[in-house]
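Colleague: Structure provided below as structure tokens; questions to follow.
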Amino acid sequence: QFLVSFLSTETTTPQPPHVDFPWEFLEEHENNVDIGFFPLTKDGMFLQVWSRIDDRSVENIEGEVIYIPYGKLLTLPSGTIHGGGFRSTTNPSDHGNLRAHLYISRNKESLPNFQ
């Protein structure tokens, strides 16, 4: 089973770090569900990911910006903390970072409603 959403970015305003499923779901099903991203234009796309540090005393964690070229698919475990929102076009009249965001079930896992 899979779900897909299509996204674009009008202005460069990075999304805050987030996961797409409730933590309660991830605690039980994280190993059976992945998220995926692929660009829909030749400009490619950008995604920022953060390390999972389950230590509430850590206040500032730098995210890593990943470029995904056109024609490539990036899949990550569903518990990956991530954010998009980066423009990937130089044409001001175009929406940038046009991308598909996938929610992928493995082992016939049912997908919940995502956030």
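Read in order, the letters of the sequence shown are residues 909 to 1023 in our numbering.
All residues carry an ideal CB built from backbone N, CA and C; glycine is no exception.
This structure is a prediction, so every number in the text was calculated from the model and none was measured.
1) Measure the C-alpha to C-alpha separation of Gln-1023 and Gly-944 and round it to an integer number of angstroms.
2) By the DSSP assignment, the beta strand (DSSP E) with Phe-954 in it spans what residues?
3) Checking 8 Å against the spacing of the C-beta atoms, do His-926 and Gln-956 come in under that value?
4) Which of helix, strand or coil does DSSP assign to Phe-946?
5) Return the CA-CA distance between Asn-1015 and Phe-933, expressed in angstroms with no decimal places.
6) I'd like the list of long-range same chain contacts for Phe-946, defined as Cβ closer than 6 Å, with 5 residues on each side in sequence excluded.
7) Is Tyr-1011 buried or exposed, if buried means 16 or more other CB atoms sit within 10 Å of its CB?
Modeller: Concretely, from the data shown:
1) Because the pLDDT at Gln-1023 is just 49, under 50, the model does not fix this residue reliably, and the point stays unresolved.
2) 953-958
3) no
4) strand
5) 16 Å
6) Leu-981 and Ala-1008
7) buried
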